[in-house]
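Novice: Per the working numbering: the sequence shown = residues 810 to 1027.
Just so you know, even glycine gets a beta-carbon here, dropped at the ideal spot from N, CA and C.
The model shown is predicted, which means the values in this text are computed figures rather than measured ones.
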Amino acid sequence: MAHFIVLLGPPGAGKGTQAKAISEALQIPHVSSGDIFREHLSKQTELGKLADGYIKCGQLVPDDVTIRMIGDRLKQPDCVNGALLDGFPRTLPQAEALDDFLAKMGASVNTVISLEVPAEVLVERLSGRWSCPTCGRVYHEKYNPPQQARICDNDGTPLIQRPDDQAETVRQRIEVYRSQTEPLIEYYRQKGVLVRVDGTQSIEAVKQEILTVLAGVQ
Ligand code: ADP
Ligand code: ADP
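(1) Need the endpoints of the beta strand (DSSP E) that ARG1005 sits in, please.
(2) Taking 7 Å as the limit between beta carbons, can you name the residues of its chain near GLN956, skipping five residues before and five after?
(3) With respect to the beta strand (DSSP E) encompassing ALA892, which residues constitute its N-terminal and C-terminal limits?
(4) GLU1013 by DSSP, collapsed to three states: which one?
(5) Which stretch, first to last residue, makes up the alpha helix (DSSP H) that contains GLU995?
(6) Between the beta-carbon of ILE879 and the beta-carbon of PHE897, is there less than 8 Å?
(7) Let me know if SER851 comes out buried or exposed under the rule of 16 or more other beta-carbons within 10 Å of its beta-carbon.
(8) To the nearest angstrom, how far is the alpha carbon of SER832 from that of ILE1019?
(9) Does at least one heavy atom of ligand 2 sit under 7 Å from the Cβ of TYR986?
(10) Rounded to whole angstroms, how far is the Cβ of TYR986 from the Cβ of PRO819, which I believe are closer than 8 Å?
(11) Write down the C-beta distance between VAL930 and THR1009 rounded to the nearest angstrom, noting that I regard them as a contact closer than 8 Å.
(12) For CYS944, count the other beta carbons within 10 Å of its own beta carbon; 16 or more makes it buried, fewer makes it exposed. Which is it?
Here it is in structure tokens:
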């Protein structure tokens, strides 16, 4: 049976950090809408240039563009057994489009992990976030530092800070999460697939809790 897992949570909740372990444990690809947009941006594609205008000011990229992009990604052969969706869906129309898309494949969203972290913690997490522009690995200067300051452990690339992680944009993104994404918690609760996880625990404790949850629902 295919496994489609959604990682839901505000910016900085730890979605990207947890994604690797989950995708390895379930042997399904990690599909991050933010990473795909940033890849388009680095290649200066039309989609990348369009998305950049929204990302810069902490707004969501329009649904039609985002839904098409994720639909194309989920049609790739590596998603036949499922995927771990990180950062998608973020609006009700996106969630409905995902349901329709999966229904056509005879699949559905199996589990939604809602990573819950209060706003004041998010700001501190994002202001200390450093990521690798090559492999996408995520670090934190205090909570998850690389072995060598500002260098990726995995491939030696100098780490970067995302322009949209500055305090002003972070506040905007948290606001957008509240108004547009948080209603998905109720949407998935009603479908009986929601699992809430306390994202303020240590990275390792969150990982163990998620893996235990997923082992139970397989
Ligand atoms: P974070 O992991 O910090 O929540 P992401 O990397 O997922 O951030 O997203 C960065 C930005 O990319 C968002 O602020 C938004 O502008 C855009 N984006 C990512 N996913 C979506 C989506 N599903 N719908 C619309 N915009 C998105
Ligand atoms: P998201 O993808 O949800 O935006 P990230 O996984 O990029 O969030 O994490 C945001 C920042 O918080 C990163 O710098 C990461 O190292 C750090 N972080 C993630 N999970 C935890 C945790 N449980 N405790 C402390 N810091 C964390």
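Specialist: Let's see:
(1) 1003-1007
(2) ASP962
(3) 891-895
(4) helix
(5) 992-1000
(6) yes
(7) exposed
(8) 12 Å
(9) no
(10) 4 Å
(11) 6 Å
(12) exposed
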